[in-house]
DNA sequence: GCGGGCTGAGACGTCCGATGTATGCCGCCA
DNA sequence: TGGCGGCATACATCGGACGTCTCAGCCCGC
């Protein structure tokens, strides 16, 4: 194995073993390089790689630190992966979302707070009845994020965040939105919110499924 | 933004735009470095980072290539992320698996081939009634992999692969397996297989849920 | 006494050039 | 024709030098 890969494994090992806790500061590059028995150049490659997947956080002029290791942070790198995919695979990503999002929405029905619900309602009201596509896309993102967050599972939350990234979203809303996509989206959002207010998990799940399915339809249409 | 980060974005851009197709070979390091306007050292950091998340494949003495970009490959890095987490978050990862795996199993009920079913059955038979824990763990991994693969969604497949990685698995089977964990696992596997043979999606989903839940129970017990 | 600006040490960022090592190809020889 | 060896190529690693950014502590003025 290459020295750089070894270094990656060793640093990972130090974190897993607890020698390096979240937020901890690493020895400076030259010291760590000596400690691990490689050159600073090669060590930097390892550090850079771990930094891309948000395990390490390097701050110029300061030092290198272990991140919080929040799943939210780590799975953020997922959208990078999704970005790299093209039409056919995008549908598979959406299929996964179609499984997760209804489950998350159902979970939220019993766990989301009234304050969070009020915030979502306010947000929908502010959007009005005929928003621009850009506004709607942004609101859509916030809406789903708000609900999923209400599920109380941060891993689920960040996974969906990644799956709903720009790649998918742009694709769904690209080109002329046929028929009444905007109106339909708004109606579905309201229906989901109503189900959550009723604390009706099954209705929430069903509406979420419908919502994703209609999104899937539109995605298919652009292929 | 640092030059290395720029380079990462540019390479990613070249792939997304189609300038670099899967399997394509990159210009040699010195040329690409010149092209992107940075030193070979800094470029190498970018390449190494992309190679960690399996976007690039570098072969010493040969060249650097874009990988197949299979979701399977890219999400493989996910297990790296899961490895870095500790007890509390592990439960959240398992909760996600509890959503995905039943759905995947239900999908497999209608899509998996008879040959694949036969292979799973053979494997269960070979294991016998009182396997060692090591053998069981390996068989368990294969069993779930085989089913999820039968769902026909490669993204789902690799996502679950990552979630079921060594970190979770070791934790579940660590320590004295209380009660009849081995026997119970075997019985549940047989039940899942029977449901698949019957092409009964709902039964398959239910048994998969039961199976993951019992795994979750054991994980909680070790915390 | 207190606050702000300045300065210097420390740490990462970038680059250069040299040398080691694995791979693939091509020509030579049996 | 087939196998073997050597050469060209490209990545792997290294050491050192210099730039740039941060932070903290000192000094000065209010």
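Chains as they are written, first to last, in my numbering: chain A, 1 to 223; chain B, 1 to 223. Backbone N, C-alpha and C define an ideal beta-carbon position, used for all residues, glycine too. This one's a predicted model, so the numbers in the text were calculated from it and none came from an experiment.
Per the C-alpha coordinates, the member of A/44, A/23 and A/21 positioned closest to residue 31 of chain A is A/44. Taking C-alpha positions only, residue 61 of chain B is separated from residue 3 of chain B by approximately 26 Å.
A distance of 8 Å or more separates the beta carbons of residue 221 of chain B and residue 99 of chain A. Taking 8 Å as the threshold, the shortest C-beta distance from residue 17 of chain A to chain B does not fall below it.
Interface criterion met: the Cβ of residue 53 of chain B is under 8 Å from a Cβ in chain A. Within 7 Å of the CB of residue 143 of chain A, no CB atom of chain B is found; the nearest one sits about 20 Å away. With the rule of 3 Cβ pairs closer than 8 Å, the segment 101–117 of chain A counts as touching the segment 135–153 of chain A. With contacts defined as CB atoms closer than 8 Å, residue 26 of chain B and residue 65 of chain B qualify as a contacting pair. Taking every protein chain shown into account, the CB of residue 133 of chain A has fewer than 16 other CB atoms within 10 angstroms, so this residue is exposed.
When 8 Å is used as the limit between beta carbons, residue 69 of chain B is near these residues of chain A: 84 and 85, in chain order. Per the DSSP secondary-structure output, residue 64 of chain A pairs in a beta bridge with A/58. Within chain A, the residues placing a beta-carbon under 7 Å from that of residue 99 of chain B are 99, 100 and 103, ordered along the chain. DSSP, read as helix, strand or coil, puts residue 25 of chain B in strand.
Contact with chain A is absent for residue 112 of chain B, since none of that chain's Cβ atoms lies less than 8 Å from the residue's Cβ. Among the residues of the segment 154–166 of chain A, those with a Cβ less than 8 Å away from any Cβ of chain B are 154, 155, 156 and 159, in the order of the chain. For residue 213 of chain B, the CB contacts under 8 Å within the same chain, skipping 5 residues up- and downstream, are 98 in chain order. Chain-ordered, the chain B residues with CB closer than 9 Å to the CB of residue 89 of chain A read 69, 70, 71, 154 and 155. Here the segment 34–49 of chain A makes no contact with the segment 77–94 of chain A; the two share fewer than three CB pairs at distances below 8 Å. In the same chain as residue 6 of chain B, and ignoring 5 residues on each side of it, no C-beta atom comes closer than 6 Å to its own. Residue 96 of chain A has a beta carbon lying within less than 8 Å of a beta carbon in chain B. Counting along the chain, residue 41 of chain A sits inside the alpha helix (DSSP H) bounded by residues 40–52. For residue 8 of chain A, a Cβ of chain B is located within less than 8 Å of the residue's own Cβ. A Cβ-Cβ separation of about 6 Å places residue 90 of chain A in contact with residue 171 of chain A under the 8 Å criterion. Not a single C-beta of chain B is nearer than 8 Å to the C-beta of residue 3 of chain A.
With respect to chain B, the C-beta atom of residue 56 of chain A has no partner C-beta closer than 8 Å. Cβ-Cβ distances below 7 Å link residue 50 of chain A to 8, 11 and 56 in the same chain, with the five nearest sequence neighbours on each side left out; the list follows chain order. Its chain contains 148 and 149 as the residues whose beta carbon lies nearer than 6 Å to that of residue 157 of chain B, once the 5 sequence neighbours on both sides are disregarded; these appear in chain order. Judged by beta-carbon spacing, residue 192 of chain A lies within the 8 Å limit of residue 208 of chain A, meaning their Cβ atoms are closer than that value. Residue 208 of chain A has a beta carbon lying at 8 Å or more from every beta carbon in chain B. In this structure, residue 13 of chain B lies away from residue 68 of chain B, with their beta-carbon atoms at least 8 Å apart. Under the Cβ distance rule, residue 32 of chain B does not count among the residues neighbouring chain A, no pair being separated by less than 8 Å. Beta-carbon to beta-carbon, residue 85 of chain A and residue 71 of chain B are separated by about 7 Å, close enough to satisfy the 8 Å threshold.
Counting along the chain, the unbroken alpha helix (DSSP H) around residue 109 of chain B starts and ends at 87–111. Sequence-distant partners of residue 199 of chain A (beyond 5 residues in either direction) whose C-beta falls short of 7 Å from its own C-beta, in its chain, are 109 and 110. Within a 10 Å sphere around the beta-carbon of residue 48 of chain B sit 16 or more other beta-carbons, which makes this residue buried. The distance from the Cβ of residue 88 of chain A to that of residue 16 of chain B is about 15 Å, inconsistent with a contact at the 8 Å cut-off.
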